[in-house]
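Residue numbers (our numbering): 186 to 322.
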């Protein structure tokens, strides 16, 4: 209930009123940005899971029941599932990354670089329809 008071206070401050108008005027662009960001987060978390997962099962040719997980040389797998890669891909797209999850395979590092560059393109570059110079006369 207290959060509603903040919105009631906005009528006394022109800055908050202008912020509300700006957010409502650019709701379509913000929705498109959120949709693109969610799409690329799912894409890159899936890619990092499949390219950086080192845990493969080695089976004997005679019996498939004697499968043992084999660790690769890069160390244990940090991305146990696609959902575990969501945090990594979101942070890599929006910042430089924290370093808590790091791709270890060479192909995983390529995916990480592509994720960072895609984040620059999706988040940092403005949409042409939202720039003030694109007026139709």
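Don't be surprised by glycine CBs; every beta carbon is placed ideally from N, CA and C. Nothing here was measured: the structure is a model prediction, and the numbers come from that model.
Using a Cβ-Cβ cut-off of 6 Å (strictly less than) and excluding sequence neighbours within five positions of residue i, which residues of its own chain qualify?
i: residue 236; result: 292, 293 and 296
What is the residue span of the alpha helix (DSSP H) that residue i lies within?
i: residue 230; result: 212-237
i: residue 291; result: 291-304
i: residue 308; result: It is not in any alpha helix (DSSP H) - residue 308 carries neither H nor E in the DSSP assignment.
i: residue 280; result: That residue, residue 280, is in no alpha helix (DSSP H); it is neither H nor E in DSSP.
Rounded to the nearest angstrom, how far is the Cβ of residue i from that of residue j, given a contact under 8 Å?
i: residue 307; j: residue 220; result: With a Cβ gap of about 10 Å, residue 307 and residue 220 do not count as contacting.
i: residue 231; j: residue 267; result: 5 Å
Quick check: what's the CA-CA separation for residue i versus residue j?
i: residue 315; j: residue 203; result: Low confidence applies here, because residue 315 scores a pLDDT of 49, under 50, leaving its location unreliable and the question unanswered by this model.
i: residue 264; j: residue 226; result: 14 Å
i: residue 305; j: residue 287; result: 19 Å
i: residue 234; j: residue 224; result: 16 Å
i: residue 303; j: residue 201; result: 32 Å
i: residue 213; j: residue 206; result: 13 Å
i: residue 282; j: residue 274; result: 9 Å
i: residue 193; j: residue 208; result: 17 Å
For residue i, which residues from the same chain have a beta carbon less than 7 Å from its beta carbon, with the 5 sequence-adjacent residues on both sides left out?
i: residue 280; result: none
i: residue 271; result: 226 and 230
For residue i, decide whether its Cβ has a neighbour in chain C, counting only Cβ atoms nearer than 9 Å.
i: residue 229; result: Annotation note: the requested chain C is absent from the structure, which comprises a single protein chain.
Would you say residue i touches the ligand GDP, meaning its beta carbon is less than 8 Å from a heavy atom?
i: residue 204; result: Of the ligands one can find in the structure shown there are none, so the ligand GDP has no counterpart to examine.
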